[in-house]
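This report refers to the structure that appears directly beneath it.
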Amino acid sequence: MRTTLYPFIAILLALLLAPGAHGKDPQPKVVPGKEYRLEIQGIPSSEKQRWDKAYKIDEKGRIDLPIGGKLKVGGLPLNEAARIIERHLKSRGIFISPAVTLGPRKKG
Numbered sequence: 001m002r003t004t005l006y007p008f009i010a011i012l013l014a015l016l017l018a019p020g021a022h023g024k025d026p027q028p029k030v031v032p033g034k035e036y037r038l039e040i041q042g043i044p045s046s047e048k049q050r051w052d053k054a055y056k057i058d059e060k061g062r063i064d065l066p067i068g069g070k071l072k073v074g075g076l077p078l079n080e081a082a083r084i085i086e087r088h089l090k091s092r093g094i095f096i097s098p099a100v101t102l103g104p105r106k107k108g
């Protein structure tokens with residue numbers, strides 16, 4: 001009996017110790033009407049002021065970028081929205097290799 005419990009206990013411990021097994025909060029999502037801070041690495045320093053700032057997400061869940069127009073990101077996790085913005089900037093030829101970070105607006 002004891003030897004049949006070892007595999008069960010090993011599996012149970014592996015599941016309990018696995019990353020994300022403790023009910024970690026999922027990545028926050030982009031909410032229409034809220035402001036988020038967009039920062040882009042890998043772009044010319046002369047463009048940083050134009051792009052690195054707070055953006056308000058419109059009621060349809062879109063972010064209005066300085067170049068490239070409005071892009072739907074509402075309801076997406078922040079990291080996924082950042083990847084979509086990166087792909088958009090690359091595909092439009094706006095930047096070659098942007099690294100986008102999207103997060104809560106900084107107070108102050």
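My numbering puts the sequence shown at residues 1 to 108. Beta carbons are placed, not taken as given, at the ideal position from N, Cα and C, and that holds for glycine.
Apart from the five residues just before and just after residue i, which ones in its own chain have a Cβ nearer than 6 Å to its Cβ?
i	result
K70	R62 and D64
G93	none
Assuming residue i contacts residue j under a Cβ cut-off of 8 Å, what Cβ separation, rounded to an integer in Å, is found between them?
i	j	result
D52	E39	5 Å
G42	A99	5 Å
Just to confirm my understanding: we take residue i, look at its own chain, exclude 5 residues before and 5 after, and list those with CB closer than 7 Å. What are they?
i	result
R105	E35, Y36, R37 and A54
What does DSSP give as the partner residue(s) for residue i in the beta ladder?
i	result
G69	L65
V100	I40
A54	R37
When the Cα of residue i is compared with those of the options, which residue comes out closest?
i	options	result
V109	S45, K56 and R50	Since the first residue of the chain shown is 1 and the last is 108, residue 109 is not available in this structure.
By the three-class DSSP mapping on this structure, what secondary structure does residue i have?
i	result
E35	strand
K29	strand
For the ligand FAD, is there a heavy atom less than 7 Å away from the beta-carbon of residue i?
i	result
P66	What this structure holds is no ligand at all, so the ligand FAD is not there to describe.
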